[in-house]
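Notes for the one structure printed next.
Residue numbers (the working numbering): 1410 to 1701.
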């Protein structure tokens, strides 16, 4: 769709006149794009404060920010002298787990920071709940991975807080970022043989995904469930597993439950988004699939 010239269009000028809106010139206003080097440096050091809505949620439940796989944590850590001790465990999050969901329900998602630090220490402020003041500001604190995140991802088979303590203790952020480096929003190049396709989504995949799903009237190609009212539950799947192959014959719109059944997508079975889908559409989906 071609936009009108707002300076010359009579309807827009009449509207502006009725609104008594002043016509402001944009001359001299400079657009300052994202300094990718500066962003990457901040992600690997102090972290970046962002609104949670700015963080992309990948199909597997992990987080991406501006094309980088990230973890999230709270900058202002609450400390209660009566209930907490010096050995209190502070947590960071690697997936859209139940803890994140609880924060969303309490409208506390604006308190998060995105980071790519791999040494396990993060820049925080310690807020004293009793005095309602900061005991310390701008210090680096050792933090541990959230156990609910491990369970959401079924990370290395993690399924029980009580029984899988070794997986928790052995968790390594560098290994995590290496294992989950690909993302539907991540475009960082990887090293492959010259004749091998790159295992990454194309830069226009988000737009292409919407077009494919819309063309299929927001229905799943596998079970035919209608997700017009819950479009986030409808994904676009690469049939041959090659994320860079966007030929139409290789793309299909499928719901998250059918997506989780595809080879190599087993970890999606533990994503919070899939649990929400099952809670709302589980009975309908099973009926459409012919499951008992």
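Where a beta carbon is used, it is the ideal one built from N, C-alpha and C, also for glycine.
Bear in mind the structure is a predicted one, so any value in this text is a computation, not a measurement.
Collapsing the DSSP output to three states places residue 1453 in coil. Note that the C-beta distance between residue 1665 and residue 1683 is below 8 Å. Around the Cβ of residue 1505, a 10 Å sphere holds 16 or more other Cβ atoms; the residue is buried. Counting only runs of 3+ residues, the beta strand (DSSP E) found wholly inside the stretch 1608-1667 occupies 1643-1647 and 1660-1664, in chain order. The beta carbons of residue 1572 and residue 1536 sit no closer together than 8 Å.
The stretch 1459-1473 makes no contact with the stretch 1524-1535: fewer than 3 CB pairs, one atom from each, lie closer than 8 Å.
In this structure, the straight-line span from the alpha carbon of residue 1615 to that of residue 1511 is close to 27 Å. In the DSSP assignment, residue 1551 is bridged to 1530. Taken atom to atom, the span from the alpha-carbon of residue 1452 to that of residue 1423 is near 47 Å. Residue 1561 sits away from residue 1669, with the two beta carbons spaced by 8 Å or more.
Distance from the Cα of residue 1612 is smallest, within the candidate group 1503, 1652, 1579 and 1581, for 1652.
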